[in-house]
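S.K.: Mind looking over this structure? Questions follow.
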Amino acid sequence: MNAETGSETMQKQPLPWSTAARIAWRELRAGKAKFLFVLLSVAIGVAALTGVRGFSTSFARTLLEQARSIMAGDLSARMFRQATAAEAQQLDRLASPQAGLGVRRTVVTETVSMAMVQGDPVPLLVSLKAVDPADYPFYGTVTLSTGADLRAALTDETVVVDDNLLVRLRAKVGDQLKIGGKWFRIAAVIMKEPDRMTAGVGLGPRVMMTRHAMEETELLQPGSRATERYLFALGDKLKVADVRAQIEKILPDAQVTDFRETSPTLTQGVDRATGLLSLICLVAMVLGAIGVAMAMRAHLQQRIEILAIMKSIGAQSSDILRIYLIQTLFLGVVGALLGVVLGLGVEYAFPTVLGRLLPLRPEIRLPLSPVLAALGTGVLTTLLFCLPPLLDVRNVRPSLVLRRMVDSGNGEGWVTWLKEHKVQLASIVVILAGLGGIAAALADSMLVGKWFAICLAGLLVFILGLSAVTLRTLRAILSRTRLHLPSALRHGLANLYRPGNQSSAVLAALGTGVMLILSVFLMQRSIVNALHEDVKVDTPNLFLIDMSTQEMPGIRAELKKQAGVIGDLEAVPIVSARMESIDGTKVEDLKLKNYPNRLLRNTTLSWADVTPDGTKIAEGKWWTGTGGADLAVVDRVAKRLDLKVGSKVTFIAGEKEIPVTVTAIYKIVGEHAFARSEFILPKVQLEDQPAVWYGDIHARPSAIPEIERALFATYPTVTVINIADILQTITGVVDQITIVIRFLAGFSILSGLIILASSIASTRFRRIREVVVLKTLGATRNRIATVFSVEFVVLGLLAGAVGTLFANVLSRILLHRMDVVFQRDVRGSLTAVVGTAVLAVVTGWVASFHILGQKPLEVLREE
Amino acid sequence: MIEVKGLKKSIRNGTRTVEILRGIDLLIPKGQFAAIMGASGSGKSTLLGLLAGLDSPTEGEVILDGIAISKLEEDKLAEVRGRRIGFVFQSYQLIPTLTALENVMLPYELNAKGDARKKAEPLLVAVGLQDRLHHYPVQLSGGEQQRVALARAFVLEPPIVFADEPTGNLDSANGQHVLELLGERHRESATTLVLVTHDPQIAERADRRIVLKDGAVLSDEMQGLAASVAGAGTTR
Chain U
1 MNAETGSETM QKQPLPWSTA ARIAWRELRA GKAKFLFVLL SVAIGVAALT GVRGFSTSFA
61 RTLLEQARSI MAGDLSARMF RQATAAEAQQ LDRLASPQAG LGVRRTVVTE TVSMAMVQGD
121 PVPLLVSLKA VDPADYPFYG TVTLSTGADL RAALTDETVV VDDNLLVRLR AKVGDQLKIG
181 GKWFRIAAVI MKEPDRMTAG VGLGPRVMMT RHAMEETELL QPGSRATERY LFALGDKLKV
241 ADVRAQIEKI LPDAQVTDFR ETSPTLTQGV DRATGLLSLI CLVAMVLGAI GVAMAMRAHL
301 QQRIEILAIM KSIGAQSSDI LRIYLIQTLF LGVVGALLGV VLGLGVEYAF PTVLGRLLPL
361 RPEIRLPLSP VLAALGTGVL TTLLFCLPPL LDVRNVRPSL VLRRMVDSGN GEGWVTWLKE
421 HKVQLASIVV ILAGLGGIAA ALADSMLVGK WFAICLAGLL VFILGLSAVT LRTLRAILSR
481 TRLHLPSALR HGLANLYRPG NQSSAVLAAL GTGVMLILSV FLMQRSIVNA LHEDVKVDTP
541 NLFLIDMSTQ EMPGIRAELK KQAGVIGDLE AVPIVSARME SIDGTKVEDL KLKNYPNRLL
601 RNTTLSWADV TPDGTKIAEG KWWTGTGGAD LAVVDRVAKR LDLKVGSKVT FIAGEKEIPV
661 TVTAIYKIVG EHAFARSEFI LPKVQLEDQP AVWYGDIHAR PSAIPEIERA LFATYPTVTV
721 INIADILQTI TGVVDQITIV IRFLAGFSIL SGLIILASSI ASTRFRRIRE VVVLKTLGAT
781 RNRIATVFSV EFVVLGLLAG AVGTLFANVL SRILLHRMDV VFQRDVRGSL TAVVGTAVLA
841 VVTGWVASFH ILGQKPLEVL REE
Chain B
864 MIEVKGLKKS IRNGTRTVEI LRGIDLLIPK GQFAAIMGAS GSGKSTLLGL LAGLDSPTEG
924 EVILDGIAIS KLEEDKLAEV RGRRIGFVFQ SYQLIPTLTA LENVMLPYEL NAKGDARKKA
984 EPLLVAVGLQ DRLHHYPVQL SGGEQQRVAL ARAFVLEPPI VFADEPTGNL DSANGQHVLE
1044 LLGERHRESA TTLVLVTHDP QIAERADRRI VLKDGAVLSD EMQGLAASVA GAGTTR
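Note that the protein sequences, when read in sequence, are chains U and B. Residue 1 is where the first sequence starts when you use the numbering used here, and the numbers rise one by one after that. Residue 864 is where the second sequence starts when you use the numbering used here, and the numbers rise one by one after that.
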């Protein structure tokens, strides 16, 4: 008989994958409940990542859309001439869909002119804006008093105007207005012009007309003072920076800006939100990975004895590797898919849940990249935690089936250990690199990504070291004091370091979780506070242009009388000047990129002897006292002109030559009068020059028409620009950021807690045997629960303390880099430490509850 | 044929090294039924583990049908275990997540080609479990589980079967039944059978009785029919 089967059995080849899959499947089918637990753990981890990432991507896109509306495009190129035919051709190439670019563009022409209404011969200086209503604006909308669409309202025979113009000319909608040589009908009042702040602050109230109408007025003659603003819309695929570089090349003398430069508050808000969302995504990924890891670890540990049995009946290591690789991958993939579905569900549910709070509804598409990232994370983490132990299968001694106690550790050196585990180590390195790649793709912010990785690695090394030291110390202390301690306490503490305990793994998982959760909490708190700091209620919403030095005291007094005005007038003096040279080089000879020389030939200076509100020094120092030959430059211009602290600049104002040295470079941090200044000098340098003043105040929106009328009565030449609507856009966005940040932070904290709880619960299987033995020996449930509580409290406190420490370090570093003040939160930190201990004990109890009720024989029989 | 030369095994227990086997020499010819006896801790299970290649000795050699298994690398060893050895354990060691039939099919699927079910089912019928094919181990009594284990040990018709206290966890009726089945399979397929037990009554059924004490052979004698035929009984 032996001979008969001999021929069959002697041709041992690797187990076919199909057979391996069949064997793996049989096992899965049998232990449905246990596998469901593993599947759910994987799914929750992956769901958290999918949901958070998907929603934050949609949200960030919507936010950016709002930010773009302030420029009405993605990019703008401002010139004092029209593009030449050759340039236009190159710009057309950007627009051609064949080149795969499809950049849309429209031109906005701005100039000043006189306007008068029928029956009143006194003309008014107005700032004209000619647009193509078919394209303009690319983002945001022009809101009109009649509720009509701009395309419908604006024809070649009509204009739409500022409310201010009607006040000054005592005109009304429907009246005729003469501009240049042509009469127009006033079709509506402009309630909101999205790019009012980025359009040049012109003189006089706004009048908007079509480009064709502008030509008909014959105002634009060669040499007339007009600005051409090309607006570009990029669509989804193109990067702003790439297109910007191309446009800068095509139009070398144009001032190119992108939407991120328009509102510092908004951009900073969006940047911080992106940073935090990026952190939240990474947190979700790591938490998800922990969930997957703990589930898989527990799953494999229960399989070790089965592996031994398989080996004893002749399974080769490679057979076992195949069977369990298929099985774990199946669990990983199915769990991950389930998680993606769950995550998408959550993501679609967000806007419904938040519907009332969120004025904007992020447009949700099937987020392919987050789904892939989540799937990849799930599967790679599964491999990371399953492959090394599976590769270790060759070291599983089949004699495990004969006796539980196996020869533990041969006391070889670590070099031997490394040699023996080189395959495992190599696989770990490869998989970690894969996860790192996913993390890098998830972290939109390199800053966040870098520090996150450093702190995570630091924490892991620290916590594993700490757990080794603590457990050793505990052992030393216990061996001395053990007889003096109550026996339940003794037993609980001893549990921490007994062979086969997972203390280190649980500590690492729990500590990491606490660090992540608390960092998110601390960061969202500080960022939300900072956001609200930036858009305080008294942020100016009314700009006053062209006030003379003589008028200033009177205007201040008039504004003081107005009940609707909140706070004082902030004013910045403007002196016309031209720049003569930089570091001895004449301006004409400077090779400037994307800064029209004309801007330097006709620039404006301001004075201030202390750092003005709304600016912050980025480099150097503001002068002290009355100052001397000093100059402060805004960072944006300093970069373009390549100015450093110490650069020598000469201006000419009137007839006077003003040589100064750059002593400070400042940046703009809020919507204030000085936000529009580019060069600030000490007062002594400019006070003898004729100056006009630009100012801003905050007024109750309802009182604005009244204020406009009062100012016009006494100071008819002063232009008032109402940006209350635009400001509302900004505060609206900031409020939304706040809500979403809080919600996502809450969501990731909650899912983190669930995952941590399940990681503690996953240790329950190893407790079954112990409980049974204890019960057989007559231990009550209470007694066993006490023993476990001691163990969990110690684990929770240790992990909580280390996690809290690292959370404070990580969020402090990140916030510092994001220019946000870190707010220490002692109560929050303490809560985290104690909370972790409580969580550990409670989940420990809940997970063990079932075990405590089990009859010893049921388990012993399974042995 | 099983040859054992100067077999030693020690394990480390914390800082101490414990010698479990202190040098054992044996020769078990093909087709023999040998019983290994000894008190608890005498080293009989360890010896069996080493004979079956479940563990590696500290010193000495085990040669199965001319193959020195002690020096074999893990995968070769697995191959030997799969093809040449059947094993029956005291605590059955069935895979809890597989049904009775699947447990018996498993070694075949791992080590041979062909229809595993065709081999496994008749064996289960032969041990009287025709109604229990699709039951999981927890749904079977101890005796039934051990009979599944028995069927599993014989599914590849190995030339050598090792049994470690196969009736240790069973009542006497079930124990009897298992022993009878074991004997039957042994006779039918002319298998070499090595059985560890501390029950003298079971040992009496064997052709040869080897007694261990403190990791060394205390006595080794042929008995019954085999003794009269071969006269090979020896005492240390």
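Positions of the beta carbon are idealized from the N, C-alpha and C atoms, including for glycine.
State the beta-bridge partners of B:Asp1027 as determined by DSSP.
M.R.: DSSP lists B:Val1059 as partners of B:Asp1027.
S.K.: Identify the residues that DSSP records as bridge partners of U:Met552: which are they?
M.R.: Its beta-bridge partners do not exist; DSSP assigns none.
S.K.: What is the rounded straight-line gap between the Cα of U:Asp319 and the Cα of U:Val430?
M.R.: Computed Cα separation, rounded: 23 Å.
S.K.: Can the beta-carbon of U:Ile438 be found less than 7 Å from the beta-carbon of U:Gly492?
M.R.: Going by C-beta atoms, U:Ile438 is not nearer than 7 Å to U:Gly492.
S.K.: Measuring straight from C-alpha to C-alpha, what distance separates U:Leu795 and U:Val528?
M.R.: Cα-Cα distance, rounded: 33 Å.
S.K.: Is DSSP giving U:Phe679 helix, strand or coil here?
M.R.: Correct three-state label for U:Phe679: strand.
S.K.: Alpha carbon to alpha carbon, how far is U:Gly554 from U:Leu711?
M.R.: Answer to the nearest angstrom: the Cα atoms are 10 Å apart.
S.K.: Quick one: Cα of U:Phe37 to Cα of U:Pro14, how far?
M.R.: Taking the straight line from one Cα to the other gives about 31 Å.
S.K.: Determine whether the beta carbon atoms of U:Leu238 and U:Ser76 lie at a separation below 7 Å.
M.R.: No, these two residues do not count as a Cβ contact at 7 Å.
S.K.: Using a Cβ-Cβ cut-off of 7 Å, state whether U:Ser479 counts as contacting chain B.
M.R.: Judged by the 7 Å Cβ criterion, U:Ser479 is not in contact with chain B.
S.K.: From U:Met114 to U:Lys656, what distance separates their C-alpha atoms?
M.R.: About 32 Å.
S.K.: Hey, is B:Phe896's beta-carbon within less than 7 Å of any beta-carbon in chain U?
M.R.: With 7 Å as the cut-off, B:Phe896 does not count as an interface residue toward chain U.
S.K.: Can you give me the start and stop residues for the beta strand (DSSP E) that B:Asp1083 sits inside?
M.R.: First-last of the beta strand (DSSP E) with B:Asp1083: 1079 to 1085.
S.K.: Can B:Gly912 and U:Ser399 be called in contact, C-beta distance under 7 Å?
M.R.: Contact: yes.
S.K.: Sorted by chain position, which residues of the same chain lie with C-beta nearer than 6 Å to U:Arg875's C-beta, five sequence neighbours on each side aside?
M.R.: Chain U is shown from 1 up to 863; residue 875 of chain U falls before or after that span and cannot be answered.
S.K.: Where does U:Met296 sit, in a helix, a strand or coil, going by DSSP?
M.R.: Residue state, collapsed to three classes: helix.
S.K.: If you measure between the beta carbons of U:Cys386 and U:Val52, is that distance less than 7 Å?
M.R.: The answer is no: Cβ separation not under 7 Å.
S.K.: Let me check understanding here. Comparing Cα to Cα, which of U:His299, U:Thr738, U:Glu248, U:Gly332 lies closest to U:Gly269?
M.R.: The candidate whose alpha carbon is nearest that of U:Gly269 is U:Thr738.
S.K.: Applying the 10 Å Cβ sphere with the 16-neighbour rule, what's the burial state of B:Gln1064?
M.R.: It counts as exposed.
S.K.: For U:Gly511 versus U:Val802, is the C-beta spacing smaller than 7 Å?
M.R.: Cβ distance < 7 Å, so U:Gly511 and U:Val802 count as in contact.
S.K.: At which residues does the alpha helix (DSSP H) containing U:Met214 begin and terminate?
M.R.: Here the alpha helix (DSSP H) through U:Met214 covers 211 to 217.
S.K.: Thinking U:Ile428 and U:Leu384 are a contact (beta carbons under 8 Å), I'd like their distance in whole angstroms, please.
M.R.: 7 Å between Cβ atoms; contact.
S.K.: At a CB distance below 9 Å, what residues from the region 905 to 922 of chain B approach chain U? Give them in sequence order.
M.R.: The region 905 to 922 of chain B vs chain U, Cβ under 9 Å: Ser908, Thr909, Leu911, Gly912, Leu913, Ala915, Gly916, Leu917, Asp918, Ser919.
S.K.: Consider the Cβ of B:Ala941: report whether some Cβ of chain U lies at a distance smaller than 7 Å.
M.R.: Chain U, which has a Cβ nearer than 7 Å to the Cβ of B:Ala941, makes this yes.
S.K.: Closest Cβ-Cβ distance between B:Ile958 and chain U: below 7 Å?
M.R.: Answer yes: the Cβ-Cβ gap between B:Ile958 and chain U drops below 7 Å somewhere.
S.K.: Using the beta-carbon of each residue, which ones in chain B are nearer than 9 Å to U:Ile304?
M.R.: In chain order: nothing, as chain B lies at least about 12 Å away.
S.K.: Could you say which of U:Val126, U:Gly343, U:Pro252 lies nearest to U:Ala47 if we only look at CA atoms?
M.R.: Nearest C-alpha to U:Ala47: U:Gly343.
S.K.: Measure from the alpha carbon of U:Asp881 to the alpha carbon of each residue in U:Val243, U:Ser479, U:Thr381, U:Val790, then state which is nearest.
M.R.: In the structure displayed, chain U extends from 1 to 863; residue 881 of chain U sits before or after that span and is not available.
S.K.: Since U:Glu708 is in the alpha helix (DSSP H), which residue starts that stretch and which ends it?
M.R.: Looking at the DSSP string, the run of the alpha helix (DSSP H) that includes U:Glu708 is 704 to 714.
S.K.: For B:Glu1102, which residues in chain U fall below 7 Å Cβ to Cβ?
M.R.: This structure leaves residue 1102 of chain B out entirely; chain B is present only between 864 and 1099.
S.K.: Excluding sequence positions up to five away, which residues of its chain have a Cβ less than 6 Å from the Cβ of U:Glu619?
M.R.: Around U:Glu619: Val645, Ile665.
S.K.: Please report the residue range of the alpha helix (DSSP H) in which B:His1040 lies.
M.R.: It spans 1035 to 1052 - the alpha helix (DSSP H) in which B:His1040 sits, taken as one unbroken run.
S.K.: When the distance is taken between beta carbons, is B:Lys982 closer than 7 Å to B:Val951?
M.R.: No, they are not a contact pair.
S.K.: State the CB to CB distance for the pair B:Gly901 and B:Lys907, rounded to an integer number of angstroms; the pair is presumed to be in contact (CB under 8 Å).
M.R.: Confirmed, Cβ separation roughly 5 Å.
S.K.: Would you verify that the beta carbon of U:Ser811 is, or is not, closer than 7 Å to some beta carbon of chain B?
M.R.: No, because no Cβ of chain B sits closer than 7 Å to the Cβ of U:Ser811.
S.K.: Roughly how far, in whole angstroms, is the beta-carbon of B:Lys872 from the beta-carbon of B:Glu924, given that I think they are within contact range, below 8 Å?
M.R.: No, B:Lys872 and B:Glu924 are not in contact; Cβ-Cβ is about 12 Å, not under 8 Å.
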